[in-house]
Amino acid sequence: MEQAFSMVMREHLEESGGFWVAVSDSVYESQYCILERKEMACTVGDVIEGSYYYRIIRKIADGGMGSVYEVEQQGAEGFVKRIALKTIIRRYTKDKAFVDMFIGEAKLVANLVHPNIVQIYQLGRTTENFFIAMEYIDGITLEQFLQRHYDERRKIPLNLATFIVSRICRGLEYAHTKTDRLSRPLSIVHRDVSPKNILINTEGECKLTDFGIAKARNYMEQDEERVLMGKVEYMSPEQANYRITDARSDLFSLGIVYAELLTGNNEFIGADTRGTLELVRKAVLPDIKQERPDIPQEIVNIVNKALQRDPLQRYQTATDMVLDLEYQMYSKGYGPTIASLAKYTAELFPKRNFAASKRAPLHSG
Ligand SMILES: Nc1ncnc2c1ncn2[C@@H]1O[C@H](COP(=O)(O)OP(=O)(O)OP(=O)(O)O)[C@@H](O)[C@H]1O
Ligand SMILES: [Mg+2]
């Protein structure tokens with residue numbers, strides 16, 4: 000069917016001198032789009048050179064590996080698209096092994112397209128720097144969301160905490176099971192699931208960002224003989240022990256995020272980085288009921304299963320975990336949605352006054 004469609008389309012266009020270009024190989028209806036009538040036809044494999052450039056609008060924040068900017072991507076005839084651009088600081092990009100690892104990971108995650116993952120558009124380079132162009136998120140980080148509750152001494156509603164974690168779990172499920180074109184597993188692991196890397200937009204959509212970045216960064220930090228400087232308090236025990244990690248490590252990190260959303264605390268934070276590493280390696284289960292007696296045992300069981308020190312005792316896949324989360328939310332009827340999260344977040348940040356929050360705002364307006 001697909002082939003027949005493209006044959007007919009191609010013959011028709013070639014007969015009439017049409018100009019066509021492949022825009023997608025997955026949705027056959029949009030497989031070809033007619034750009035304009037021309038003498039010459041363009042065939043698969045041709046390279047179309049276009050011109051566009053990025054105009055920096057404002058710096059959003061400085062992060063661990065560089066800065067994030069709000070940028071306008073400018074195309075032909077006044078076409079403008081708002082995107083985010085992350086630059087990688089030069090100190091990192093001077094190291095060839097880092098660059099190789101960074102580029103390797105970026106290629107691996109280039110085709111992750113899912114509603115719960117911040118999409119990457121481009122890995123680019125200027126004469127001296129690398130940058131990543133990605134989907135712009137108009138919203139807040141989960142860290143800001145947590146901070147606002149902390150400042151106002153509020154508890155996050157159970158259903159919304161579960162909803163946020165379930166959406167990120169869906170994003171992980173997609174990434175963990177992603178295969179290449181020949182159906183070979185890509186074995187993608189995020190390695191840095193933490194509130195800073197979870198964004199909530201104004202529509203209430205939750206998105207995990209920075210896929211593929213942690214591996215290269217951790218490499219640099221070990222290379223510099225510093226103790227793992229990343230977000231140690233969200234690491235899995237095997238990660239904190241410098242062991243090889245797999246998808247189950249991300250589920251442990253997500254378990255820490257879930258426990259923090261429920262109680263307002265991350266029990267793995269120690270007096271200093273070494274103390275935190277010790278706590279993560281021991282992985283003593285947090286006492287959720289003590290902080291919040293209202294949390295049902297079924298939810299505590301989910302957190303405890305995600306936080307098992309031994310990966311074999313944990314959820315083995317994101318699918319297993321997300322099914323438990325969704326059962327808790329939806330088995331009794333109507334449950335939380337992006338609309339309820341959007342409404343709640345808008346009330347939490349009235350007039351988008353993020354300035355009142357201690358941490359750097361996503362949006363200054
Ligand atoms: N796609 C995006 N759209 C809008 N804002 C973003 C986007 N990505 C990141 N940000 C903002 O930029 C900030 C910095 O992000 P960045 O990933 O560089 O650092 P980080 O997450 O704080 O630390 P790390 O370097 O460990 O990931 C985030 O906290 C968020 O406020
Ligand atoms: Mg980040």
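Residues 0 to 364 (numbering that gives the first Met the number 0) are what the sequence shown spells out, left to right. C-beta: ideal position from N, C-alpha, C; glycine also.
For A246, does the three-state DSSP call read helix, strand or coil? Within the sequence shown, numbered from 1, the residue matching residue 246 stands at position 247. It is helical.
For ligand 2, I want to know if T208 counts as a neighbour, meaning its beta carbon is within less than 7 Å of at least one of the ligand's heavy atoms. The residue given as residue 208 occupies position 209 in the sequence shown. Flag set: Cβ of T208 near ligand 2.
For N200, verify whether its CB is less than 7 Å away from any heavy atom of ligand 2. Walking along the sequence shown from the start, residue 200 turns up at place 201. Not one heavy atom of ligand 2 is found less than 7 Å from the C-beta of N200.
Compute every distance between the C-beta of K230 and the non-hydrogen atoms of ligand 2, then say whether any falls below 7 Å. Walking along the sequence shown from the start, residue 230 turns up at place 231. Flag unset: Cβ of K230 not near ligand 2.
Looking at the strands, I want to know which residues DSSP matches up with Y52. Stepping through the sequence shown from its first residue, residue 52 is reached at position 53. Q73.
Can the beta-carbon of S193 be found closer than 8 Å to that of K230? Position 194 of the sequence shown, counting from 1, holds the residue named residue 193. Position 231 of the sequence shown, counting from 1, holds the residue named residue 230. It is a contact, given that the beta carbons lie within the stated cut-off.
Within the same chain, show all residues whose beta-carbon is closer than 8 Å to that of L185, passing over the 5 residues directly before and after it, in chain order. Within the sequence shown, the letter at position 186 stands for residue 185. L107, K177, T178 and D179.
Assuming the contact rule is C-beta atoms closer than 8 Å, E204 and P114 should be a hit. Round their C-beta distance to whole Å, please. Within the sequence shown, numbered from 1, the residue matching residue 204 stands at position 205. Within the sequence shown, numbered from 1, the residue matching residue 114 stands at position 115. 6 Å between Cβ atoms; contact.
Which one of S50, S66 and K350 has the shortest CA to CA distance from T201? Residue numbering aside, residue 201 sits at position 202 when the sequence shown is read from its first letter. Comparing Cα-Cα distances from T201 to each of S50, S66 and K350, the minimum goes to K350.
Give the single residue among A270, A160 and I243 whose Cα lies nearest to the Cα of A341. Position 342 of the sequence shown, counted from the start, is the residue given in the question as residue 341. If we check each option's Cα against that of A341, A160 comes out closest.
Expressed to the nearest angstrom, what Euclidean distance is found between the alpha-carbon atoms of R166 and Q73? The sequence position of residue 166 within the sequence shown is 167, counting from 1. The sequence position of residue 73 within the sequence shown is 74, counting from 1. Using only the alpha carbons, I get a separation of about 32 Å.
Residue interval of the beta strand (DSSP E) (run including I197): If you number the sequence shown from 1, residue 197 lands on position 198. Here the beta strand (DSSP E) through I197 covers I197 to N200.
Exposure of K85, with buried meaning 16 or more beta-carbon neighbours within 10 Å: Here residue 85 refers to the residue found at position 86 of the sequence shown. The residue in question, K85, is buried, as its Cβ has 16 or more Cβ neighbours within 10 Å.
Can we say the region 144–161 touches the region 255–274, given the rule of at least three CB pairs closer than 8 Å? Enough Cβ pairs lie closer than 8 Å, so yes.
So for E237, helix, strand or coil by DSSP? Residue numbering aside, residue 237 sits at position 238 when the sequence shown is read from its first letter. Here E237 sits in helix by DSSP.
Cutoff 8 Å; reference E259; Cβ partners in own chain excluding five residues on either side: Numbered from 1 along the sequence shown, position 260 holds the residue referred to as residue 259. Around E259: L145, P194 and N265.
C-alpha distance - Y120 paired with A96, whole-angstrom precision: Taking the sequence shown and counting its residues from 1, the one referred to as residue 120 is at position 121. Taking the sequence shown and counting its residues from 1, the one referred to as residue 96 is at position 97. Roughly 23 Å separates the two Cα atoms.
Per-residue burial, K206 [other beta carbons within 10 Å of its own, 16 or more giving buried]: Within the sequence shown, numbered from 1, the residue matching residue 206 stands at position 207. Under this definition K206 is a buried residue.
Taking only the alpha-carbon atoms, compute the straight-line gap between L111 and Y343 and give it to the nearest angstrom. Translated into positions along the sequence shown, residue 111 becomes position 112. Translated into positions along the sequence shown, residue 343 becomes position 344. C-alpha separation (whole angstroms): 29 Å.
One question on the structure: do H175 and A317 come within less than 8 Å of each other, judged by their Cβ atoms? Numbered from 1 along the sequence shown, position 176 holds the residue referred to as residue 175. Numbered from 1 along the sequence shown, position 318 holds the residue referred to as residue 317. Yes, Cβ-Cβ distance for H175 and A317 is below 8 Å.
Is the beta carbon of N196 within less than 7 Å of some heavy atom of ligand 2? By one-based count along the sequence shown, residue 196 stands at place 197. Yes, since a heavy atom of ligand 2 falls inside the 7 Å radius drawn around the Cβ of N196.
Would M365 pass as a contact of Q143 if the rule is Cβ separation under 8 Å? Residue 365 lies beyond the range of the chain shown here (0 to 364); nothing can be said about it.
In three-state terms, what does DSSP make of M100? Reading the sequence shown from its first residue, position 101 is the one you call residue 100. In this structure, M100 counts as helix in the three-state DSSP scheme.
Here's a check: name, in chain order, each residue in its chain whose Cβ is nearer than 7 Å to the Cβ of A345, leaving out the five neighbours to either side. Looking up residue 345 in the sequence shown gives position 346. If you ignore the 5 residues before and after A345, its C-beta comes within less than 7 Å of no other C-beta in its own chain.
Among the residues of its own chain, which have a CB less than 7 Å from the CB of R280, if the five just before and after it don't count? The sequence position of residue 280 within the sequence shown is 281, counting from 1. Cβ neighbours of R280 beyond the five flanking positions: P236, A239 and N240.
State the DSSP-derived secondary structure class of G382, mapped to helix, strand or coil. The structure shown does not extend to residue 382, since the chain spans only 0 to 364, so no value can be given for it.
Using 7 Å as the cut-off, classify the Cβ of G62 as near or not near the heavy atoms of ligand 2, replying yes or no. Taking the sequence shown and counting its residues from 1, the one referred to as residue 62 is at position 63. For ligand 2, a non-hydrogen atom lies closer than 7 Å to the CB of G62.
Tell me whether L278 is buried or exposed, calling it buried when 16 or more other Cβ atoms sit within 10 Å of its Cβ. Locating residue 278 in the sequence shown gives position 279, where the first residue counts as 1. L278 should be labelled buried.
For ligand 1, is there any heavy atom lying closer than 7 Å to the beta carbon of A83? Your numbering for residue 83 matches position 84 in the sequence shown. Yes, since a heavy atom of ligand 1 falls inside the 7 Å radius drawn around the Cβ of A83.
Ordered along the chain, which non-local residues of its own chain (more than five positions away) have a Cβ less than 7 Å from that of K304? The residue given as residue 304 occupies position 305 in the sequence shown. Around K304: R313 and Y314.
E325 to F162, Cα distance in whole Å? As a working note, residue 325 is residue 326 in the sequence shown. As a working note, residue 162 is residue 163 in the sequence shown. Looking at the two C-alpha atoms, the distance is approximately 8 Å.
Between the beta-carbon of G254 and the beta-carbon of L322, is there less than 8 Å? Within the sequence shown, numbered from 1, the residue matching residue 254 stands at position 255. Within the sequence shown, numbered from 1, the residue matching residue 322 stands at position 323. Result no, Cβ atoms of G254 and L322 do not sit closer than 8 Å.
What residue range does the alpha helix (DSSP H) around I163 cover? In the sequence shown, residue 163 corresponds to position 164, counting from 1. Residues L157 to H175.
Nearest by alpha-carbon distance to I403: which of G44, R308, V79 and L284 is it? Since the first residue of the chain shown is 0 and the last is 364, residue 403 is not available in this structure.
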